[in-house]
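Protein chains in written order, with this note's numbering: chain A, 122 to 308; chain B, 242 to 411. Idealized CB from N, CA, C, for every residue including glycine. Everything numeric in this text was worked out from a predicted model, so none of it was measured.
Spelled out as structure tokens, the structure:
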């Protein structure tokens, strides 16, 4: 049984399970699924300054920080008990393309050839780790939500602004992965 | 009288600040002890395991998705949305309450140009890091400690947005 669980789960099993986050949070406490707002709460707690955007009663949103702490702990538990036995099974075209940039380690969830401490101060490493993170945080707040808040929760409640945001997420990702990232990796 | 008016204005302001976002602005009259929040930690933990086993936290899977080289991620997001939609419909149709008896409420999102500009910027970041905010937490848990830098950078990005919010087109 554990051997079956340890294999990567097909989309038609994992997708619906992830979708159940929506009713789980609603029924447990009338909470809307959303993850990137946790970053805003961290700002509100640690460095609110005189910025109106960060001056609100974050104590009422503390559930969200418990939720993301759970995601962190879940990562630890998954790594210890449910780690997949082999490398990620990828489309051979991607494997070939990435090999051209010297990315050949597919054993973990992040590319170990790029995202590790001693690569942080190389140009591609810095752009991906620091620049990428900044864009994710800035963009998610500017858009008023991320993949969970807009693409999953927003679309589930039929919000058309969320559809606009989701389409823009995808356009940005397409542009980055197909045209900009190859240039960054060749630096 | 004057006090209650001020309290009302303050509440209005608080609501406005929070409503600038997709964060939860649902209020409950019931005050709970802090440990009631542990249930959200458990939900996060469980769904994190789903994230990991679905490989949605894999940088490689995100690259496949944006290159149209695999159906996997589309299947996951699509089926998650369908399950979410059906759940929301059922909750509304049968007026399902929370476990503490509160009515479940939904807030409509207002359109702003931020969803376009911010969405595009977020997409660029997603294509780089191969992770949206949720997977960042899970990746760190799985032992990719350098991702803490990505997460801190995302907090910095959030702060810079808040600081210069008034100067950006919305």
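Could you check if residue i belongs to the surroundings of the ligand FAD, using beta carbon to heavy atom distance under 7 Å?
| i | result |
| --- | --- |
| residue 366/B | With respect to the ligand FAD, the structure shown offers nothing to examine, as it has no ligands at all. |
List the endpoints of the continuous alpha helix (DSSP H) containing residue i.
| i | result |
| --- | --- |
| residue 399/B | 388-405 |
| residue 164/A | 158-167 |
| residue 297/B | Careful: residue 297/B lies outside any alpha helix (DSSP H) and carries neither H nor E. |
| residue 185/A | 183-202 |
| residue 127/A | 123-127 |
| residue 170/A | No alpha helix (DSSP H) holds residue 170/A; DSSP gives it neither H nor E. |
| residue 367/B | 355-370 |
| residue 149/A | 142-150 |
| residue 305/A | 302-306 |
| residue 419/B | Given a span of 242 to 411 for chain B in the structure shown, any question on residue 419/B remains unanswerable. |
| residue 378/B | 374-382 |
List the residues of chain B whose Cβ lies closer than 7 Å to the Cβ of residue i, in chain order.
| i | result |
| --- | --- |
| residue 220/A | Neighbours of residue 220/A on chain B: none; closest Cβ ~12 Å, over 7 Å. |
| residue 125/A | Chain B residues near residue 125/A: none, gap ~11 Å exceeds 7 Å. |
| residue 249/A | 369, 370 |
| residue 206/A | Per Cβ cutoff of 7 Å: no residues; residue 206/A is ~12 Å from chain B at best. |
| residue 253/A | 366, 369, 370, 391 |
| residue 166/A | Per Cβ cutoff of 7 Å: no residues; residue 166/A is ~11 Å from chain B at best. |
| residue 135/A | 291, 294, 295, 317 |
| residue 228/A | By Cβ distance, chain B contributes nothing, its closest Cβ being about 11 Å from residue 228/A, past 7 Å. |
So with CB distances below 7 Å, who are the chain A contacts of residue i?
| i | result |
| --- | --- |
| residue 296/B | 129, 209 |
Given that residue i touches chain A, what residues does it touch there, using C-beta distances under 8 Å?
| i | result |
| --- | --- |
| residue 449/B | An answer regarding residue 449/B cannot be provided, because it is not within the stretch 242 to 411 covered by chain B. |
Per DSSP, which one or two residues make a beta bridge with residue i?
| i | result |
| --- | --- |
| residue 338/B | 344/B |
For residue i, return the contacting residues in chain A, with the cut-off set at a CB-CB distance below 9 Å.
| i | result |
| --- | --- |
| residue 335/B | Neighbours of residue 335/B on chain A: none; closest Cβ ~12 Å, over 9 Å. |
Which residues of chain B have a Cβ atom closer than 9 Å to the Cβ of residue i, listed in chain order?
| i | result |
| --- | --- |
| residue 293/A | 360, 361, 362, 363, 364, 365, 366, 367, 368 |
| residue 260/A | 358, 359, 360, 361, 362, 363, 364, 365, 366, 367, 398, 402 |
List the residues of chain B that residue i touches, going by C-beta distances under 8 Å, in chain order.
| i | result |
| --- | --- |
| residue 310/A | Nothing can be reported for residue 310/A: it is not among the residues displayed for chain A, which extend from 122 to 308. |
| residue 304/A | What residue 304/A touches in chain B: nothing, since even the nearest Cβ is about 12 Å away. |
| residue 122/A | In chain order: nothing, as chain B lies at least about 14 Å away. |
| residue 195/A | 285, 286, 287, 288, 289, 290, 292, 293, 379, 382 |
| residue 223/A | Near residue 223/A there are no residues of chain B at all, since even the closest Cβ is about 15 Å away, more than 8 Å. |
Just to confirm the assignment: which complete alpha helix (DSSP H) runs, minimum length 4, are found wholly within the stretch 212-291 of chain A?
Taken in chain order, the unbroken stretches of alpha helix (DSSP H) that lie wholly in the stretch 212-291 of chain A and span 4 residues or more are 213-220, 244-247, 253-264.
Between the stretch 340-359 of chain B and chain A, which residues of the former have CB atoms less than 9 Å from a CB of the latter, in chain order?
Listed by position, the residues of the stretch 340-359 of chain B near chain A (Cβ gap below 9 Å) are 340, 341, 343, 344, 345, 346, 347, 348, 349, 350, 351, 352, 353, 355, 356, 357, 358, 359.
Closer than 9 Å, Cβ to Cβ, to anything on chain B: give me those residues from the stretch 140-162 of chain A, in chain order.
Per Cβ criterion, the list reads 140, 141, 142, 143, 144, 145, 146, 147, 148, 149, 150, 151, 152, 153, 154, 155, 156, 157, 158, 159, 160, 161, 162.
Beta carbons nearer than 9 Å to chain A: which residues of the stretch 300-314 of chain B have them?
For chain A, the residues of the stretch 300-314 of chain B that bring a beta carbon within less than 9 Å of one of its beta carbons are 300, 301, 302, 303, 304, 305, 306, 307, 308, 309, 310, 311, 312, 313, 314, in chain order.
For the stretch 266-287 of chain A, which residues have a CB atom closer than 8 Å to at least one CB atom of chain B, in sequence order?
Residues of the stretch 266-287 of chain A with a C-beta less than 8 Å from any C-beta of chain B: 266, 267, 268, 269, 270, 271, 272, 273, 274, 275, 276, 277, 278, 279, 280, 281, 282, 283, 285, 286, 287, listed in chain order.
Could you run through the stretch 235-247 of chain A and flag, in chain order, every residue whose CB is less than 7 Å away from some CB of chain B?
Taking 7 Å as the upper bound on Cβ-Cβ separation, chain B lies near residues 236, 237, 238, 241 of the stretch 235-247 of chain A.
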